[in-house]
Amino acid sequence: MTSLFDDGPSRPNSDLLEGLNPVQHEAVIHSEGPLLIIAGAGSGKTRVLTQRIAHLIRDLGVSPFEILAITFTNKAAGEMKERVAALVGPVAEKMWVSTFHSACVRILRRDGSRLGFPSSFTIYDQSDAERLTGYCIRDLGLDPKKFPSRSVHSSISAAKNEGLDPASFAARAGSIFDRKIAEVFVDYQARLLKAGAMDFDDLLTNTVKLFREHPDVLETYQRRFGHILVDEYQDTNHVQNEMVLMLGAQHHNVCVVGDGDQCLVPGTQIATTRGTVPAEEVRIGDELIGSDGRDGAVSGTVSAVWPGEYEGPVVTAFAGGKELTGTPHHIVPARMEADPGKWFVYLMFRSDRGWRVGQTKSIRTDSRGYRQLGYRVRAAQEHADALWVLRVCGTQAEASYWEEYFSVAYGIPTTCFHAQGRDLAMDDEWIRRLYDSVDTVTNAKELLAEEL
2 MTSLFDDGPS RPNSDLLEGL NPVQHEAVIH SEGPLLIIAG AGSGKTRVLT QRIAHLIRDL
62 GVSPFEILAI TFTNKAAGEM KERVAALVGP VAEKMWVSTF HSACVRILRR DGSRLGFPSS
122 FTIYDQSDAE RLTGYCIRDL GLDPKKFPSR SVHSSISAAK NEGLDPASFA ARAGSIFDRK
182 IAEVFVDYQA RLLKAGAMDF DDLLTNTVKL FREHPDVLET YQRRFGHILV DEYQDTNHVQ
242 NEMVLMLGAQ HHNVCVVGDG DQCLVPGTQI ATTRGTVPAE EVRIGDELIG SDGRDGAVSG
302 TVSAVWPGEY EGPVVTAFAG GKELTGTPHH IVPARMEADP GKWFVYLMFR SDRGWRVGQT
362 KSIRTDSRGY RQLGYRVRAA QEHADALWVL RVCGTQAEAS YWEEYFSVAY GIPTTCFHAQ
422 GRDLAMDDEW IRRLYDSVDT VTNAKELLAE EL
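Listed below in structure tokens is the structure:
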């Protein structure tokens, strides 16, 4: 299955399947055995997962108790459960829809005692974990300047994500530096166990360890979860992948969604322990260095390299003295500074509705009373899956012009995605009918191709 953004008529045999294209239809009705869905951003994969779960429950009679759905954020998990509940009713509450870490917490609260942890074990956050690492470094007599706690803990975290325990890490340590980190690793884990605590990585590794060392526990969850669905599978690490394979080993009813377009173009500079090298020169066994999102660095070892072929335009952007190259399909994290005098015109996507055009002032107050970028507040209010900023305007009049222009020129509604809690002329039934009547998918593709 190559794409969920295909054109063509749907082939519904239940109201849950209405509006799906043939490829989406096939993914939803696939009932037995493994299923891999490769889909890019904005292709409707969240809708497919939601409709698939609802189809299993309502059309095939699968108990919600037997469904495990994994997402990568608590927000995404909550929204998925909410959307399934809208289709099948309150029975959706019996499903497990959670992140990997949340699912592991539930499992370990029940059976973690088999590994020597109390059911009320403490979960150490990043700062707790780095602080404990610092104590280990100090008590082992290591120089904190040569072995900073953040860097050492990043190495320990990377090892855990590869499924390595302290002994395995020590066996692979090829330098004096790594052997010292291995000593810290041993002491760190011993202190966690003594304190009845786990860090975030332990939640994953200890769950896999529990399954491996206590097959009866694994069998309990294998019998319970007859259907497993995982979103954003390309972001799973070794331990998360192993956990999914173990849970699905009996029935093989595992559905995973991944984005095959997450790649790097040749020439992209990659930081490794042997220096900065172009992406095409990265080799198996290289240790890569990246940001941990907290002003720190993490490392990881390359276990496989998949070169791909791409024919099409390459986009290069310059800003702040930096150069960034990618394809039109690349998604690049960026930070936009809010200017109180600006207005945004945006294209918004929601899997169970379609695409709409809208405008917002650059700064708005969210539901908690915090000032946020306007389009972030609007995306949250609309339960949107994705949003593209089409224009940054200096006045509301200019923003209104572009909003109307994009709507009329490309045939995309400006109507809000839902009416609940709003004083709108149309209720949700009419809004749904509007979006079902307009081919916003094709129109949005045309807009994105011509305007971005």
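Numbering follows my numbering, in which position 322 of the sequence shown is assigned residue number 323; successive positions increment by one, without gaps. Cβ atoms here follow ideal geometry from the backbone N, Cα and C, with glycine treated the same way.
For Y125, the beta-bridge partners assigned by DSSP are D200. Here I285 is exposed. Its C-beta has fewer than 16 other C-beta atoms within 10 Å. Here DSSP, grouped into helix, strand and coil, assigns M349 to strand.
For the 8 Å CB-CB criterion, H228 and E430 do not form a contact. Within 10 angstroms of the beta-carbon of V409 lie fewer than 16 other beta-carbons, which makes it exposed. Pairing V439 with P414 gives a Cβ-Cβ distance under 8 Å.
Contact check for I182 against S156 passes: the beta carbons are separated by less than 8 Å. Listed as beta-bridge partners of E80 by DSSP are no residues whatsoever.
In the three-state reduction of the DSSP assignment, I177 falls in the helix class. A direct Cα-Cα distance of roughly 16 Å separates K362 from E383.
Closest in C-alpha terms to Q360, from the list F350, R379, E447 and D126, comes R379. Taking a cut-off of 8 Å for Cβ pairs, the stretch 225 to 242 and the stretch 16 to 27 do not touch, as fewer than three such pairs fall below it.
Spanning the alpha carbons of E452 and A445 requires a straight line of approximately 10 Å. At least 8 Å separates the beta-carbon of M199 from that of F101.
The C-beta separation of L230 from L61 comes to about 14 Å, leaving the pair out of contact by the 8 Å criterion. Judged by pairs of C-beta atoms under 8 Å, the stretch 160 to 167 touches the stretch 189 to 209, as three or more such pairs exist. For V255, the enclosing beta strand (DSSP E) begins and ends at V255 to G259. For C105, DSSP assigns no beta-bridge partner whatsoever. A distance of 8 Å or more separates the beta carbons of H154 and A171. For S401, there is no enclosing beta strand (DSSP E); the enclosing alpha helix (DSSP H) covers residues Q397 to Y411. The three-state reading of DSSP puts G135 in helix, counting H, G and I together. Between V63 and the set Q223, S32 and L36, the nearest pair of CA atoms involves S32. DSSP places I229 in the strand class (E or B) of the three-state scheme. A check of alpha carbon separations from Q52 across K82, L37 and A40 identifies K82 as the nearest. Between the alpha carbons of G268 and A318 lies a gap of roughly 14 Å. Between the stretch 387 to 394 and the stretch 341 to 351 there are three or more inter-stretch CB-CB distances shorter than 8 Å, so the stretches are counted as touching. Under DSSP, W344 forms a beta bridge with K362 and C394. Scanning T328, Y376, T208 and G249 for the CA closest to the CA of G34 turns up G249. DSSP places Q241 in the uninterrupted alpha helix (DSSP H) bounded by H239 to L248. In the displayed model, V278 falls within a strand according to three-state DSSP.
Of the other Cβ atoms in all chains shown, 16 or more fall within 10 Å of the Cβ of L69; this residue is therefore buried.
In summary, D340 is exposed, with fewer than 16 beta-carbon neighbours lying within 10 Å of its beta-carbon over all protein chains present. According to the DSSP assignment, T441 belongs to the alpha helix (DSSP H) that extends over T441 to E452. For a cut-off of 8 Å, the C-beta gap from H56 to V85 is around 10 Å, too long to register as a contact. Look at V98 here: in three-state DSSP terms it is strand.
Contact annotation: the stretch 421 to 437 does not touch the stretch 388 to 402, with fewer than three C-beta pairs closer than 8 Å.
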